[in-house]
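Engineer:
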Amino acid sequence: MFASRVSPASAIKYTHFPTTTHYHPSPHTPTTQRMTVEIETLPPPTLWTRYVLALQTHPVLTKASTSATLNALQELLASRIAGSDARLARQKAAKMAAYGFFVSGPLGHYLYQGLDKAFKDKTGAGWSILKLLVSNLVIAPIQNAVYLAAMAYIAGAGIPGILQTLKTRLLGVMKMTWLIFPSVQIIAFKYLSQELWLPFFNLVAFVFGTYINVVTKLAAEKKKGVTGGKDL
555 MFASRVSPAS
565 AIKYTHFPTT
575 THYHPSPHTP
585 TTQRMTVEIE
595 TLPPPTLWTR
605 YVLALQTHPV
615 LTKASTSATL
625 NALQELLASR
635 IAGSDARLAR
645 QKAAKMAAYG
655 FFVSGPLGHY
665 LYQGLDKAFK
675 DKTGAGWSIL
685 KLLVSNLVIA
695 PIQNAVYLAA
705 MAYIAGAGIP
715 GILQTLKTRL
725 LGVMKMTWLI
735 FPSVQIIAFK
745 YLSQELWLPF
755 FNLVAFVFGT
765 YINVVTKLAA
775 EKKKGVTGGK
785 DL
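Taking the numbering used here, the leading residue of the sequence shown gets 555, the next gets one more, and so forth.
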């Protein structure tokens with residue numbers, strides 16, 4: 555399942571725009587006296603190729619920036635759809651961006667880098683299943699626990715509140731993860747290079763996270779309206 559694959563960025567090994575030069579003798583002049591020159595300039599790299607190159611040259615910084623951007627966009631988009639307070643949304647988006655940049659981005663990079671190294675050159679159905687199990691039974695619980703703890707901290711909870719959040723919510727989050735992400739991970743492990751795993755997972759999490767965020771905010775607004783606008 556995890557046969558050797560070619561990274562989309564494997565051909566991107568340059569940091570400048572190379573040119574190729576061809577010399578053609580003029581049909582009317584001896585070659586020793588005059589030559590015409592044609593210079594072919596390769597097209598500049600696209601935004602995507604620049605991003606993939608950045609993943610190769612600065613993986614931690616690039617993944618941290620990607621996580622920060624998607625986290626902030628998720629909060630702003632969900633708040634806009636749900637009609638939440640814009641000022642509070644911007645404040646939380648900044649905190650979510652900080653979490654993505656300093657915590658989830660680097661953490662995900664090193665966890666999946668370790669997974670890839672542990673299963674390097676190991677092929678076959680048995681190894682593929684074991685890799686998927688390690689991803690879901692070791693890496694996913696770590697990431698989800700860190701996420702819930704960070705969200706509780708951002709909401710103002712202390713250590714007792716953080717522990718209570720983990721106790722009451724971690725299993726539910728894990729069940730959702732096990733329902734959705736194995737198929738996503740299979741796609742990533744089989745068709746994407748290791749550098750692209752985390753950005754791909756972040757993109758999928760962005761879609762599902764935005765949906766859950768919108769539903770949660772709408773439910774909170776509805777409950778707040780029922781209680782007469784009092785804080786719960």
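By construction, the Cβ of each residue, glycine as well, lies at the ideal position given by its N, Cα and C atoms.
1) Considering only their Cβ atoms, is the gap separating V738 from V758 smaller than 7 Å?
2) Quick one: grab the DSSP three-state call for F755.
3) Quick check on E775: does DSSP put it in helix, strand or coil?
4) Do A643 and S633 count as a contact pair if the criterion is CB distance below 7 Å?
5) How is P660 classed by DSSP in three states: helix, strand or coil?
6) V688: which of M650, Y707, F673 and H612 sits nearest, CA to CA?
7) Touch check for the region 646-659 and the region 697-711: three-plus C-beta pairs under 8 Å?
8) Looking only at its own chain, which residues have a Cβ that is under 8 Å from the Cβ of T731, when we skip the five neighbours before and after it?
9) Is the CB-CB distance between S621 and G654 below 7 Å?
10) Name the residue from W751, K721 and R604 whose alpha carbon lies nearest to the alpha carbon of L665.
11) Below 8 Å on the Cβ atoms is my contact criterion, and I expect A636 with K771 to pass it. Report the Cβ-Cβ distance as a whole number of Å.
12) Going by DSSP, what residue range makes up the alpha helix (DSSP H) through F743?
13) Please work out which residues of its chain come closer than 7 Å, Cβ to Cβ, to V727, disregarding the five sequence neighbours upstream and downstream, and give them in chain order.
14) For R723, which residues in the same chain have their Cβ closer than 7 Å to its Cβ, ignoring the five residues on either side in sequence?
15) Report, in whole angstroms, the separation of the C-beta atoms of F760 and A742, which I expect to be a contact under 8 Å.
16) In angstroms with no decimal places, state the Cα-to-Cα distance between L746 and L609.
17) With distances taken from CA atoms, which of I696, L686 and L630 is nearest V657?
Structural biologist: Concretely, from the data shown:
1) Position 204 of the sequence shown, counting from 1, holds the residue named residue 758. Position 184 of the sequence shown, counting from 1, holds the residue named residue 738. Yes, Cβ-Cβ distance for V758 and V738 is below 7 Å.
2) The residue labelled residue 755 in the question sits at position 201 within the sequence shown. Residue state, collapsed to three classes: helix.
3) In the sequence shown, residue 775 corresponds to position 221, counting from 1. DSSP places E775 in helix when its eight states are reduced to three.
4) Position 79 of the sequence shown, counted from the first residue, corresponds to residue 633. Position 89 of the sequence shown, counted from the first residue, corresponds to residue 643. Judged by beta-carbon spacing, A643 lies within the 7 Å limit of S633, meaning their Cβ atoms are closer than that value.
5) Residue mapping note: residue 660 aligns to position 106 of the sequence shown, counting from 1. P660 sits in a helix when the DSSP states are folded into three classes.
6) Residue mapping note: residue 688 aligns to position 134 of the sequence shown, counting from 1. Comparing Cα-Cα distances from V688 to each of M650, Y707, F673 and H612, the minimum goes to F673.
7) Output reads yes: the region 697-711 touches the region 646-659.
8) Residue mapping note: residue 731 aligns to position 177 of the sequence shown, counting from 1. So the list reads N690, A694 and N698, once near-sequence residues are dropped.
9) Residue mapping note: residue 621 aligns to position 67 of the sequence shown, counting from 1. Residue mapping note: residue 654 aligns to position 100 of the sequence shown, counting from 1. Closer than 7 Å, so yes.
10) What you label residue 665 is simply residue 111 of the sequence shown in a count that begins at 1. Checked all of W751, K721 and R604; the closest Cα to L665 is W751.
11) Here the question's residue 636 lines up with position 82 in the sequence shown. Here the question's residue 771 lines up with position 217 in the sequence shown. Indeed, because the Cβ distance is near 4 Å, the residues count as touching under 8 Å.
12) For the purposes of this step, residue 743 is taken as residue 189 along the sequence shown, with counting starting at 1. Element bounds for F743: I713 to Y745.
13) Taking the first residue of the sequence shown as position 1, residue 727 is located at position 173. Cβ within range, chain order: N698 and L702.
14) Here residue 723 refers to the residue found at position 169 when the sequence shown is read from its first residue. Counting only Cβ-Cβ distances below 7 Å, and skipping sequence neighbours, we find L702.
15) Locating residue 760 in the sequence shown gives position 206, counting from the first residue. Locating residue 742 in the sequence shown gives position 188, counting from the first residue. The pair is not a contact, with the Cβ atoms about 15 Å apart (cut-off 8 Å).
16) Counting from 1 along the sequence shown, the entry for residue 746 is found at position 192. Counting from 1 along the sequence shown, the entry for residue 609 is found at position 55. Inter-residue distance for L746 and L609 is about 13 Å (C-alpha atoms, whole angstroms).
17) Start at 1 with the first residue of the sequence shown, and residue 657 comes out as number 103. Measuring from the Cα of V657, the nearest candidate turns out to be I696.
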